[in-house]
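Engineer:
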Amino acid sequence: EAAVTQSPRNKVAVTGGKVTLSCNQTNNHNNMYWYRQDTGHGLRLIHYSYGAGSTEKGDIPDGYKASRPSQENFSLILELATPSQTSVYFCASGGGVNTLYFGAGTRLSVL
Amino acid sequence: QQKVQQSPESLIVPEGGMASLNCTSSDRNVDYFWWYRQHSGKSPKMLMSIFSNGEKEEGRFTVHLNKASLHTSLHIRDSQPSDSALYLCAAVVNTGNYKYVFGAGTRLKVIA
Chain A
14 EAAVTQSPRN KVAVTGGKVT LSCNQTNNHN NMYWYRQDTG HGLRLIHYSY GAGSTEKGDI
74 PDGYKASRPS QENFSLILEL ATPSQTSVYF CASGGGVNTL YFGAGTRLSV L
Chain B
204 QQKVQQSPES LIVPEGGMAS LNCTSSDRNV DYFWWYRQHS GKSPKMLMSI FSNGEKEEGR
264 FTVHLNKASL HTSLHIRDSQ PSDSALYLCA AVVNTGNYKY VFGAGTRLKV IA
């Protein structure tokens, strides 16, 4: 099965601090996605990428930046973390009409 | 503005019973749908996809799609306690690449 690895798995950050969530995939998929999951909202798309060097805004991009330096790596950056960004974050990769493969998730708490 | 609506929010069925879950998109650019299952504390895992009108069956799971109304449904027969999970519907929009938009999910509980 396709492998998507997220780090860290858990993170506690302070309000106003910078947080970087990392995602690595070894499936050679072109497309990568960042979602957050909160009770009652399912998975909401933050940013996505169609290949190295590209990033696109999803449905809730405010307060987040993304970086895709290579085919394998896709990062989500919170420049000034706020308590409202406390959530579980999932990275996923997929290729064309293929399904998405999700990482194990990162639980972020902003205090 | 949730573009993918799932119903019901939660569902309880007895072991051996039938569970029926619904999903509708308001985006006319949707190409197809995926269903995912997420057990508590885990990441979503693919269940089934449906690309064209009609019905698709895989074991105890059947998916229907009506492209005109952008409505899909998932039916689980002979439900088992291990089917208890959050079921997520994803509408896939193809604008040259693929954007997956998820609904809020249906939480299914199968009681023995």
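In order, the protein sequences belong to chains A and B. Our numbering numbers the first residue of the first sequence as 14 and each following residue consecutively. Our numbering numbers the first residue of the second sequence as 204 and each following residue consecutively. Using N, Cα and C, we set each Cβ at its ideal position, and we do this for glycine too. Values in this document were obtained by computation on a predicted structure and should not be read as measured data.
#1: For D51 (chain A), name the three-state secondary structure that DSSP assigns.
#2: With Y102 (chain A) as the anchor, note down where its beta strand (DSSP E) starts and where it stops.
#3: Does L291 (chain B) get closer than 8 Å to chain A when you measure Cβ to Cβ?
#4: Report the partner residues of I314 (chain B) according to the DSSP bridge assignment.
#5: Compute the distance between the beta-carbons of T18 (chain A) and S88 (chain A), then report whether it is under 8 Å.
#6: Using the Cβ count rule (16 or more neighbours within 10 Å means buried), how would you classify T275 (chain B)?
#7: Measure the C-alpha to C-alpha separation of A16 (chain A) and T112 (chain A) and round it to an integer number of angstroms.
#8: I'd like to confirm the pairing. Which residues does DSSP put opposite L121 (chain A) in its beta bridges?
#9: Can you tell me where the beta strand (DSSP E) holding L277 (chain B) begins and where it ends?
Structural biologist: If we stick to the structure as given:
#1: Within the first sequence, numbered from 1, the residue matching residue 51 (chain A) stands at position 38. D51 (chain A) sits in a strand when the DSSP states are folded into three classes.
#2: Reading the first sequence from its first residue, position 89 is the one you call residue 102 (chain A). Where Y102 (chain A) is concerned, the enclosing beta strand (DSSP E) stretches over 100 to 107.
#3: Translated into positions along the second sequence, residue 291 (chain B) becomes position 88. Yes, L291 (chain B) counts as interfacial toward chain A.
#4: By 1-based counting over the second sequence, the position of residue 314 (chain B) is 111. The partner list for I314 (chain B) (beta bridge, DSSP) reads B:P217.
#5: Residue mapping note: residue 18 (chain A) aligns to position 5 of the first sequence, counting from 1. Residue mapping note: residue 88 (chain A) aligns to position 75 of the first sequence, counting from 1. Result no, Cβ atoms of T18 (chain A) and S88 (chain A) do not sit closer than 8 Å.
#6: Here residue 275 (chain B) refers to the residue found at position 72 of the second sequence. By the neighbour-count rule (16 or more Cβ atoms within 10 Å), T275 (chain B) is buried.
#7: Taking the first sequence and counting its residues from 1, the one referred to as residue 16 (chain A) is at position 3. Taking the first sequence and counting its residues from 1, the one referred to as residue 112 (chain A) is at position 99. Approximately 13 Å, taken between the alpha carbons.
#8: The residue labelled residue 121 (chain A) in the question sits at position 108 within the first sequence. Here L121 (chain A) is bridged, per DSSP, to A:K24, A:S100.
#9: Translated into positions along the second sequence, residue 277 (chain B) becomes position 74. It spans 274 to 279 - the beta strand (DSSP E) in which L277 (chain B) sits, taken as one unbroken run.
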